[in-house]
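Under the numbering used here, the letters of the sequence shown match residues 31 to 89, in that order.
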Amino acid sequence: MDVLLLFSPVNWRYYGGWTAVARMHGAVCRSCMIVCRVHDPVLVAYGAFYWQTNPDNAR
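Structural data, given as structure tokens:
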């Protein structure tokens, strides 16, 4: 498998290595994390959650 697409914030914690995830409620269906073997995880998020694209800000 080259890439894993995650649509649940619970899985973002486990596979993406995040320590916390925003409470996105309705925006979850418009967000996804892409986990690749050779690169850091990438969050594709609804615009209201751009501040969370850096895992260091997710506290």
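All residues carry an ideal CB built from backbone N, CA and C; glycine is no exception.
Just so it is clear, the structure is predicted and the values come from calculations on it, not from any experiment.
Can you tell me which residues form a DSSP beta bridge with residue i?
i	result
Val68	Paired residues: none, contrary to the question.
Val33	Cys66
Val74	Cys62
Less than 8 Å between C-beta atoms, sequence neighbours within five positions excluded: which residues of the same chain meet that for residue i?
i	result
Val33	Ile64, Val65, Cys66
Val68	none
Do residue i and residue j have their CB atoms nearer than 8 Å?
i	j	result
Leu36	Tyr45	yes
Can you tell me whether residue i is helix, strand or coil according to DSSP?
i	result
Gly47	coil
Give every residue of the same chain whose Cβ lies closer than 6 Å to the Cβ of residue i, excluding the five residues on either side of it in the sequence, and list them in chain order.
i	result
Val74	Cys62
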